[in-house]
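Residue numbering for the sequence shown follows our numbering, beginning at 14 and increasing consecutively.
Every residue gets a Cβ at the ideal spot worked out from N, C-alpha and C, and that includes glycine.
Treat the numbers as computed from the prediction; the structure is a model and nothing was measured.
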Amino acid sequence: MKVRIGIGTAGHVTDPAVLESICVALLANDFDSIWVSEVLSQPGLDPLVSLAWLAGRLEKLKIGTTFLLPGRNLLRLARQLATLDFLTQGRLLITGVPGITLGGEATAVGVPQPERSRAIEEAIPVLRSLFAGEPTDVPGPAGITEQVVLEPLPHQQPLEIWLGGSVRSSLVRCGRYSDGWLPAMIDADQAAKGKVVVEEAAREVGREMDPEHFGVSIGYAVEALSPHTLTALQQRSKRDDLDEIVPVGYDHVRRLLEGYLEAGFSKFVLRPMMQPESWDAEMEALANAVGDLQT
14 MKVRIGIGTA
24 GHVTDPAVLE
34 SICVALLAND
44 FDSIWVSEVL
54 SQPGLDPLVS
64 LAWLAGRLEK
74 LKIGTTFLLP
84 GRNLLRLARQ
94 LATLDFLTQG
104 RLLITGVPGI
114 TLGGEATAVG
124 VPQPERSRAI
134 EEAIPVLRSL
144 FAGEPTDVPG
154 PAGITEQVVL
164 EPLPHQQPLE
174 IWLGGSVRSS
184 LVRCGRYSDG
194 WLPAMIDADQ
204 AAKGKVVVEE
214 AAREVGREMD
224 PEHFGVSIGY
234 AVEALSPHTL
244 TALQQRSKRD
254 DLDEIVPVGY
264 DHVRRLLEGY
274 LEAGFSKFVL
284 RPMMQPESWD
294 AEMEALANAV
304 GDLQT
């Protein structure tokens, strides 16, 4: 099983020099990829634009994003993703998410929360068909654009589409439509149980999930979080005990990763929840704690 660990930023790192230095440091410490998430209603970089900029500067850098799938113009999205993967020679990693339903994101996504699941389920077959170069009818607000053939195609064939989410409907959707599962704020026991649901849902429609296509996105801290941050995390996760989903300290990060590995998960995105004073030192310390887990 290939274990890979990427590094995530929330998009709030906006200084170009700092952003590039993060990527240089993660490459120097043998981490797998840089990830930029998408939150529309908060300050931060657009993930696809910033990842394209980074990939052009660092030719060995793998780039990943958890991007909002509902509310997109599917033809424009397919062209953006295909172009980015084509120009980077297959270095793009993508995970579609429905978006959080708290704060400004409840309206910023552009699709009401009850309709987001349907939007994802309708979007993925269209994207797959376009990425494969097949003539595709693409629905949009103004009607259907008939028999579109995308060119150029993604370098990766197929360009894998992973999904996030941890409620049962998300797990079933992941098994039926996606290539992999990358949830967040979920403990190892929940991950193991969710993996079973994803695999069963895939088998029910004649699919089989690659056993190496299960991962977790993990926000971590090196010192105690503020009461405000803890309250926000508790509201989002709907649990009071955060110890098994938000590690504090490098030893805690390693312990949680080992638990996920035992549950059959092998792809991870580690996201510092507080801005490090030195990204070089942060990447080195993190590599010393968990780098040997990569195989």
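Ordered along the chain, which non-local residues of its own chain (more than five positions away) have a Cβ less than 8 angstroms from that of residue i?
i: I133; result: L82, P83, G109, P111, L176, R186 and Y190
i: S34; result: W292 and D293
i: L306; result: V16, I18, R267, L270, E271 and L274
i: L140; result: L87, L90, A91, L94 and I174
i: S279; result: M14, K15, V16, R17, E225, F227 and G228
i: G153; result: N86, L87 and L88
Quick check on residue i: does DSSP put it in helix, strand or coil?
i: K206; result: helix
i: E135; result: helix
i: P29; result: helix
i: P260; result: coil
i: V229; result: strand
i: S54; result: coil
i: F278; result: coil
i: Q170; result: coil
i: F44; result: coil
i: E164; result: coil
i: P152; result: strand
i: G84; result: coil
i: V122; result: coil
i: G19; result: strand
i: E221; result: coil
Since residue i is in the alpha helix (DSSP H), which residue starts that stretch and which ends it?
i: D293; result: W292 to V303
i: T244; result: P240 to S250
i: G69; result: P60 to R70
i: D98; result: L87 to L100
Going by the CB atoms, is the gap between residue j and residue i shorter than 7 angstroms?
i: G277; j: K206; result: no
i: H168; j: D223; result: no
i: A197; j: G272; result: no
i: L90; j: V151; result: no
i: C36; j: L61; result: no
i: G21; j: R284; result: yes
i: A145; j: T101; result: no
i: D192; j: H226; result: yes
i: V162; j: P171; result: no
i: V211; j: W194; result: yes
i: S250; j: S182; result: no
i: I157; j: S179; result: no
i: A214; j: G188; result: yes
i: A300; j: Y263; result: no
Which same chain residues end up closer than 7 angstroms to residue i when comparing Cβ atoms and leaving out the 5 residues on each side of it in sequence?
i: S46; result: G19, K75, I76, G77 and L106
i: Q247; result: D253 and L255
Check the C-beta distance from residue i over to residue j and give it rounded, since I have them as a contact under 8 angstroms.
i: V261; j: E295; result: About 15 angstroms separates the two Cβ atoms, so there is no contact after all.
i: S50; j: G116; result: Actually they are not in contact, since the Cβ atoms of S50 and G116 sit about 15 angstroms apart, beyond 8 angstroms.
i: D43; j: G228; result: That belief does not hold up - the Cβ atoms of D43 and G228 are roughly 18 angstroms apart, past 8 angstroms.
Counting only the same chain and skipping the five closest in sequence on each side, list residues whose C-beta sits under 6 angstroms from that of residue i.
i: A121; result: L53 and S54
i: E159; result: D150
i: I231; result: L283
i: E118; result: S54 and G112
i: M286; result: G232 and A234
Looking at chain D, is there any beta carbon in it that lies within less than 7 angstroms of the beta carbon of residue i?
i: S130; result: Judged by its chain identifiers, the structure shown contains no chain D, having just a single protein chain.
Just curious, the beta strand (DSSP E) that residue i is in, first and last residue?
i: V188; result: Here the sequence assigns Gly to residue 188, which means Val is not the residue at that position. That residue, G188, is in no beta strand (DSSP E); its alpha helix (DSSP H) goes R181 to Y190.
i: E236; result: Taken as a continuous stretch (DSSP letters only), E236 belongs to no beta strand (DSSP E), as it is neither H nor E.
i: L106; result: L105 to V110
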